[in-house]
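Asks: Residue numbers (the working numbering), protein chains in the order written: chain D, 1 to 223; chain H, 224 to 446. Glycine included, C-beta positions come from ideal geometry on N, C-alpha and C. Let me give you the structure first, and then I'll get to my questions.
Protein chains: 2
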Amino acid sequence: MDIVLSKNEEDYLKALFQITVESNMGVAGTNQLALNLCVSPASVNGMIKKLRSKKLVKSERYGKLEMTSQGKTIAIQLVRKHRLWETFLYQYLDFSWDEVHEVAEQLEHIKSDKLIKQLNSFLGNPDSDPHGDPIPDETGNFSKKSKKNLAQIEEGKSCTVVSVKDASVAFLQMVSKLGIGLQTEIMVKNHHEFDASRTLLIGEQEHQVSLKFAENVFVKERV
Amino acid sequence: MDIVLSKNEEDYLKALFQITVESNMGVAGTNQLALNLCVSPASVNGMIKKLRSKKLVKSERYGKLEMTSQGKTIAIQLVRKHRLWETFLYQYLDFSWDEVHEVAEQLEHIKSDKLIKQLNSFLGNPDSDPHGDPIPDETGNFSKKSKKNLAQIEEGKSCTVVSVKDASVAFLQMVSKLGIGLQTEIMVKNHHEFDASRTLLIGEQEHQVSLKFAENVFVKERV
DNA sequence: AATATTTATTAGGCGAACCTAACTTATTAT
DNA sequence: ATAATAAGTTAGGTTCGCCTAATAAATATT
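And the structure:
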C-alpha cells in the first residue's frame, strides 16, 4: 500500500507538482523540469519513465507531463512535511526566515508517518509556514491561502513581511529605504479613497505608499 | 574544512566506531564490520579503501581496521546527533522507547550544524538519551555514563527502567512477573547487608530481589 | 615445516542517477 | 510547403554502492 520512493523520485514529484500547479493547465515540459532541477533533459526523461511505470505521472511519448492523482497526493504530502519542518525550525530552533528552507529540504525526506503526525500536533496544527504559505492537512487540503499582499490588509490591522515580489531594482531600493525587510512589522493605518494609497506605520515612522507598491509586498496577518 | 560524507560513509564510520570501541583494542576486522552492516566483505573493503583515502580510517593492507582521530570525531558527532534526536522524539513527540531508534537513524544524517546546536539547547543540553546512554558534547566528550544498573542505585532513590540485559528466558519471565517493563519506575527501599539483596517498590507493591537480578536491569536515575 | 582454515582483497557485474552527444518529433516562421 | 528551431528521446559513458566468485595473505593446526 505504502509506496516507498527514493529521495530523488520525491524531488522530481515535488518539482513537477510545483511547475504543473503554476502553469495552471496542470502540465509541464521535460526541459522545464530539467531546468528546475538543474539536471539534463535526458535525466528527466529517464526518471519520468520510471514515475510513469509507477503510475505517478501520466503522459504519452512526446506529450506534456501530467501527474496522476496519486502522484499529486504524494507531492502535497511532501509540501506538508516541508512546511511543517520550516515552522518547527522557525518557531523552536531559532532559525531565521531564510535559513529554514535548506534544512527543511532534507528533513522532508524522513520516512515516518508518526513523526509528521506528532510534529503537526506539537506545532498546534499550524495552517501556514513562516513564509505565510499554507500547510495542507493530512488529507491534502489547503485551507485558504494565508499569504496576502499588503494591499489586502484592512485598516487598523498589523502584519509581518514575509517576502517581496521579484521586481525592479527601483522597487527593491524603495523597499529598503522604507526600512522594510523580512519580518518587519507593518501596521496599516489608513486606506485613502482618492488614490487607494496607504498610510503605514513602520516602527515609529509613518509612510505613505501607493497601491501598486503595496501589492508587491507579501505579508502574513498577525494572529 | 568541513568534509561532506555520504549517508553510507557515515554509516560505515558509525558502525566501525561502535565495533572498535567494544573490542577495547580499538580495532576491528573486515568481516566483522560486514556482518554488522549486513553487507558483503567485498563491499566493506571498497568502502574502507575510500575512507582510508579520506584519512578517516588508518590501516594497512591485510591489517586490522583502526580509525583516525578525525574519523572518531565524526563518528562521535553522529552518535551525538542520533541521541539528541532520540531525546527529542521521546520527550516532545510522544515516541516510545522502542520507536525512537529507527527514525533517529534517518535524522542523524541531516546536515546542518546550526540544527544540532539549536536542538541541543532546545532540549536543555541533555546528557543522556531515553535509553540512558550518554550524549557526547560538541567537543566529543562523554561526561559520565548515566546508564546504571539497578544494583548501583542508592537506598531511597528512584529510577526508570531503560533496558534489560539479554539473558535467559527465566530472567525475562521473572522480570515480567515483577511487573517490570521499559519505563517502569522503581524505588529502591533498602539494601540488605546480609545477601546484598534489595527491596524495591514497584507501583504499590514491594518486592525482594537478588543482587544478581538487580545487576541485569538497566535504569536511568530520576533527576 | 606443511597443510588447512580463516580473513582480506581483487575482478567483474548490476542498478540508480547523473552526464554529453546525437537523434527524432513537434512547432513555428518564411 | 518547406526550412529552421525547439522540445523530447535514445545511446553510450561515469560514479557510487552493492553483489558473487575467485584469489592472496595471515593465522592455526597437525
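1. From K281 of chain H to V250 of chain H, what does the alpha carbon distance come to, in whole angstroms?
2. In terms of alpha-carbon separation, which member of H:G426, H:N268, H:V411 lies closest to L434 of chain H?
3. So with CB distances below 9 Å, who are the chain H contacts of I110 of chain D?
4. Along the beta strand (DSSP E) that carries F194 of chain D, what are the first and last residues, could you check?
5. Return the CA-CA distance between K277 of chain H and I242 of chain H, expressed in angstroms with no decimal places.
6. Please tell me whether L205 of chain D and S197 of chain D are closer than 8 Å, where the distance is taken between their beta carbons.
7. I want to know whether the segment 344–361 of chain H touches the segment 310–323 of chain H - three or more CB-CB distances under 8 Å.
8. Quick check on C159 of chain D: buried or exposed, where buried means 16 or more other Cβ atoms within 10 Å of its Cβ?
9. Provide the residue(s) that pair with E221 of chain D in DSSP beta bridges, ordered along the chain.
10. Out of D:H101, D:V175, D:V100, D:V21, which one is the CA nearest neighbour of A75 of chain D?
11. In whole angstroms, give me the CA-to-CA distance for N259 of chain H and A238 of chain H.
12. Any beta carbon of chain D sitting closer than 8 Å to that of L346 of chain H?
13. Going by the CB atoms, is the gap between H332 of chain H and E408 of chain H shorter than 8 Å?
14. For A42 of chain D, count neighbouring C-beta atoms within 10 Å of its own C-beta (all shown protein chains included) and say buried if the count is 16 or more, exposed if not.
15. If we ignore side chains and look at the alpha-carbon of each, how far apart do V385 of chain H and M248 of chain H end up?
16. Does V57 of chain D come out as helix, strand or coil in the three-state DSSP assignment?
17. For L307 of chain H and I271 of chain H, which I take to be in contact (beta-carbon distance under 8 Å), what is that distance rounded to the nearest angstrom?
18. From the DSSP secondary-structure annotation, give me the bridge partner or partners of P359 of chain H.
19. Strictly under 8 Å for the Cβ-Cβ distance: is Q255 of chain H near chain D by that measure?
20. Let me know if I3 of chain D comes out buried or exposed under the rule of 16 or more other beta-carbons within 10 Å of its beta-carbon.
21. Taking Cβ-Cβ distances below 8 Å as the criterion, which residues of the segment 300–321 of chain H are in contact with chain D?
22. Could you tell me the alpha carbon to alpha carbon distance between W320 of chain H and S23 of chain D, rounded to whole angstroms?
23. Consult DSSP for L201 of chain D and reduce its assignment to one of helix, strand or coil.
24. Mind checking if L115 of chain D is an interface residue toward chain H, Cβ cutoff 8 Å exclusive?
25. Can you name the residues of chain H whose CB is closer than 7 Å to the CB of Q208 of chain D?
26. Quick check: the Cα distance between V387 of chain H and G402 of chain H, rounded to an integer number of angstroms?
Replies: So, to answer that:
1. Taking the straight line joining both Cα atoms gives about 10 Å.
2. Considering only alpha carbons, the answer is H:V411.
3. Taking a Cβ-Cβ cut-off of 9 Å, the neighbours of I110 of chain D in chain H comprise V326, Q329, L330, I333, given in sequence order.
4. No beta strand (DSSP E) contains F194 of chain D, which DSSP labels as neither H nor E.
5. Each residue's Cα considered, the two are about 20 Å apart.
6. The amino acid at residue 205 of chain D is misidentified as Leu; the sequence shows Gln. Cβ atoms of Q205 of chain D and S197 of chain D: not closer than 8 Å.
7. When C-beta atoms of the segment 344–361 of chain H are compared with those of the segment 310–323 of chain H, three or more pairs fall below 8 Å, so the two segments count as touching.
8. Buried.
9. For E221 of chain D, the beta-bridge partners assigned by DSSP are D:C159.
10. It is D:V21 whose Cα lies nearest to the Cα of A75 of chain D.
11. N259 of chain H and A238 of chain H have their alpha carbons spaced roughly 7 Å apart.
12. Not closer than 8 Å to any Cβ of chain D, the Cβ of L346 of chain H fails to qualify, so no.
13. At the C-beta level, E408 of chain H and H332 of chain H stay beyond 8 Å of one another.
14. That one is exposed.
15. V385 of chain H and M248 of chain H have their C-alpha atoms roughly 28 Å apart.
16. The three-state reading of DSSP puts V57 of chain D in strand, counting E and B together.
17. Going by Cβ atoms, the distance from L307 of chain H to I271 of chain H rounds to 28 Å, so no, they are not a contact pair.
18. Partner(s): none; P359 of chain H has no beta bridge.
19. Q255 of chain H does not count as touching chain D.
20. By the 16-neighbour rule on beta-carbons within 10 angstroms, I3 of chain D is exposed.
21. So the close ones are L312, Y315, L316, D317, F318.
22. So the two alpha carbons sit approximately 46 Å from each other.
23. In the structure shown, the three-state DSSP call for L201 of chain D is strand.
24. Yes - at least one Cβ of chain H is within 8 Å of the one on L115 of chain D.
25. By Cβ distance, chain H contributes nothing, its closest Cβ being about 39 Å from Q208 of chain D, past 7 Å.
26. As the crow flies, the alpha-carbon of V387 of chain H is around 13 Å from that of G402 of chain H.
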